[in-house]
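J.:
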Amino acid sequence: MEFKLLNKDPKSGARTGKLTTDHGEIQTPIFMPVGTLGSVKGVHQRELREDVDAEIILGNTYHLYLRPGLEIMEQAGGLHKFNGWDRPILTDSGGFQVFSLADNRKLTEEGAMFRSHIDGSKHFFTPENVMDIQRTIGADIIMAFDECPPGTATYEYAKNSLGLTQRWLERCVKRFDETEPKYGYSQTLFPIVQGCVYKDLRIKAAEHAAALDREGYAIGGLAVGEPVEDMYSMIEVVNEVLPEDKPRYLMGVGTPVNILEAISRGVDMFDCVMPTRNGRNGMIFTQNGIINIKNKKWANDFSPIDPDGTSFVDQHYTKAYVRHLIHSKELLGAQICSIHNLAFYLWLVREARVQINQGTFASWKDVMVKRLATRL
RNA sequence: GGGGAGAUACCAAAGUGGCCAACUGGGGCGGACUGUAACUCCGCUGACUUCGUCUUCGUAGGUUCGAAUCCUGCUCUCCCCA
Numbered sequence: 030m031e032f033k034l035l036n037k038d039p040k041s042g043a044r045t046g047k048l049t050t051d052h053g054e055i056q057t058p059i060f061m062p063v064g065t066l067g068s069v070k071g072v073h074q075r076e077l078r079e080d081v082d083a084e085i086i087l088g089n090t091y092h093l094y095l096r097p098g099l100e101i102m103e104q105a106g107g108l109h110k111f112n113g114w115d116r117p118i119l120t121d122s123g124g125f126q127v128f129s130l131a132d133n134r135k136l137t138e139e140g141a142m143f144r145s146h147i148d149g150s151k152h153f154f155t156p157e158n159v160m161d162i163q164r165t166i167g168a169d170i171i172m173a174f175d176e177c178p179p180g181t182a183t184y185e186y187a188k189n190s191l192g193l194t195q196r197w198l199e200r201c202v203k204r205f206d207e208t209e210p211k212y213g214y215s216q217t218l219f220p221i222v223q224g225c226v227y228k229d230l231r232i233k234a235a236e237h238a239a240a241l242d243r244e245g246y247a248i249g250g251l252a253v254g255e256p257v258e259d260m261y262s263m264i265e266v267v268n269e270v271l272p273e274d275k276p277r278y279l280m281g282v283g284t285p286v287n288i289l290e291a292i293s294r295g296v297d298m299f300d301c302v303m304p305t306r307n308g309r310n311g312m313i314f315t316q317n318g319i320i321n322i323k324n325k326k327w328a329n330d331f332s333p334i335d336p337d338g339t340s341f342v343d344q345h346y347t348k349a350y351v352r353h354l355i356h357s358k359e360l361l362g363a364q365i366c367s368i369h370n371l372a373f374y375l376w377l378v379r380e381a382r383v384q385i386n387q388g389t390f391a392s393w394k395d396v397m398v399k400r401l402a403t404r405l
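So for the first sequence, the numbering used here puts the first residue at 30; every next one is plus one.
#1: I'd like to know if the stretch 162-170 and the stretch 128-144 are in contact, where contact means that at least 3 CB-CB pairs between them fall below 8 Å.
#2: Starting from TYR246 and walking both ways along the beta strand (DSSP E), at which residues does that stretch end?
#3: Assuming LEU241 contacts ILE170 under a Cβ cut-off of 8 Å, what Cβ separation, rounded to an integer in Å, is found between them?
#4: Reducing DSSP to helix, strand and coil, say where PHE174 ends up.
#5: List the whole-angstrom C-beta distance separating VAL282 from CYS301, where the pair is believed to meet the contact cut-off of C-beta under 8 Å.
#6: Give the straight-line distance between the Cα atoms of GLU199 and CYS177, rounded to the nearest whole angstrom.
#7: Go ahead and label PRO256 buried or exposed: buried means 16 or more other beta carbons lie within 10 angstroms of its beta carbon, across all protein chains shown.
#8: CA-CA distance, GLU258 and LEU251?
#9: How long is the line joining the alpha carbons of SER340 and THR305, rounded to whole angstroms?
#10: Quick check: VAL63 and VAL69, are their CB atoms within less than 8 Å of each other?
#11: Just reading off the beta strand (DSSP E) that HIS152 is part of, what are its end residues?
#12: Roughly how many angstroms separate the alpha carbons of ARG294 and GLN104, rounded to a whole number?
#13: Throw me the rounded Cβ distance for the ASN307 and ARG400 pair, which I believe falls under 8 Å.
#14: What residue from PRO179, MET102 and ASN324 has the CA that sits closest to GLY254's CA?
#15: Use the C-beta contact count for ILE59: other C-beta atoms within 10 angstroms, 16 or more gives buried, fewer gives exposed.
#16: Helix, strand or coil for GLY46, going by three-state DSSP, please let me know.
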């Protein structure tokens, strides 16, 4: 993998770049749709490619390991062949499941023992086997196995947790470097910087990660319950330490506003379930603000769902119709909103790149942040 | 014509003397959702001057300290037999 920094915004930390993988190029800043189980929920690969114009999508180690399982994954020849997506894929390691499925797992120095949320069976994840699993899934970018602590963690908890994450990171690096890709294209490993909302821990974590000299770095453990201002300041603290010539990936974030604020602080890559999950639940993000399509006021609004939208669903379907579909729990409603939201998120980062390259990002961002948060 | 069952809030449906402005679903309205156990979850849903008051359980009357619940008349609905 190769990363080339292209332009920097004169008035903020924003920058553009180009990531090159064996499955193609990624322009940064980029938003990566989440496809946990090998599918971006409700969206065909063709729509993802041609309509949303996604450049890279995610998969998830924990979920794909449980279902369909590694045997199938290997027989398929990796996730790209299995799901028919030939652009880059990034897999999360299961570190987030340490957080989101906290009631179903136990942590030890050695690893994490999960009780399957599907059938209750036990599965032990270690930094080593998580590297092996991601080799088998065949993601272009694989993530270190970490503990994602909650945003409300105390300093003491955060410090101990970070220690574990750092020891696990070293084990991940070792295993990764000792093993080879399985399907003939290269893979790269991103460390994850933790440390909760504590500046000294974040600095320590970033320095430790940077010293490992990888091709890219992630910032994890944010947007997990801490105040949004803390998230922004932690991004600043970490990006101050991380090498400038490597991509920075803010995991799991966020709202359109979060994304612009993070780009402004030097983040290059994002992923979030929000456009798809909230879309399925009837929330539509637009340049002019947020629409809750379930609200009664859209019942007889026969205007296009987003006149400024870039995807075919935006012009083709009306608000009234989409409201009807969501109200009726019709699958098509969830699909339309998901496609729209993803296309919007990809438009947002594309436009951010244009503004950065023009040197007008900072002022554009200020205007957009106000508009994007409006409730329509 | 004979026999039987029933009428409860927007719908369906509990409740059969005080803990009932009335269980529970659905519908309606609103909210949440940030490396996806999520087409999920959470509120509100008689009126009002809303820590309280007023009017409700087909309808008119009655019994009782007290009725959606007991009694009587009326209206309507459904089922079975002819």
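From the three backbone atoms N, C-alpha and C, an ideal C-beta is built for every residue, glycine too.
T.: Taking the coordinates as given:
#1: no
#2: Translated into positions along the first sequence, residue 246 becomes position 217. 246-248 is the span of the beta strand (DSSP E), which, as asked, contains TYR246.
#3: The count along the first sequence starts at 1 and reaches residue 241 at position 212. The count along the first sequence starts at 1 and reaches residue 170 at position 141. At roughly 15 Å, the Cβ-Cβ gap does not stay under 8 Å, so LEU241 and ILE170 are not in contact.
#4: On the first sequence, residue 174 is found 145 positions in, with the first residue counted as 1. PHE174 falls in the coil class under three-state DSSP.
#5: As a position in the first sequence, residue 282 is number 253, starting the count at 1. As a position in the first sequence, residue 301 is number 272, starting the count at 1. Yes, they are in contact, since the Cβ atoms of VAL282 and CYS301 sit about 6 Å apart, within 8 Å.
#6: By one-based count along the first sequence, residue 199 stands at place 170. By one-based count along the first sequence, residue 177 stands at place 148. Approximately 16 Å between the Cα atoms of the pair.
#7: Position 227 of the first sequence holds residue 256. It counts as exposed.
#8: If you number the first sequence from 1, residue 258 lands on position 229. If you number the first sequence from 1, residue 251 lands on position 222. Taking the straight line joining both Cα atoms gives about 11 Å.
#9: Position 311 of the first sequence, counting from 1, holds the residue named residue 340. Position 276 of the first sequence, counting from 1, holds the residue named residue 305. Note on geometry: alpha-carbon atoms of SER340 and THR305 lie some 15 Å from one another.
#10: Walking along the first sequence from the start, residue 63 turns up at place 34. Walking along the first sequence from the start, residue 69 turns up at place 40. Going by C-beta atoms, VAL63 is nearer than 8 Å to VAL69.
#11: Within the first sequence, numbered from 1, the residue matching residue 152 stands at position 123. Residues 151-154.
#12: Locating residue 294 in the first sequence gives position 265, where the first residue counts as 1. Locating residue 104 in the first sequence gives position 75, where the first residue counts as 1. Rounded to the nearest angstrom, the two C-alpha atoms are 42 Å apart.
#13: The residue given as residue 307 occupies position 278 in the first sequence. The residue given as residue 400 occupies position 371 in the first sequence. Incorrect: roughly 18 Å between the Cβ atoms, too far for contact.
#14: What you label residue 254 is simply residue 225 of the first sequence in a count that begins at 1. If you compare the alpha carbons of PRO179, MET102 and ASN324 with that of GLY254, the shortest gap goes to PRO179.
#15: Within the first sequence, residue 59 is the residue found at index 30, counting from 1. Buried is the call here.
#16: For the purposes of this step, residue 46 is taken as the residue at position 17 of the first sequence. GLY46 falls in the strand class under three-state DSSP.
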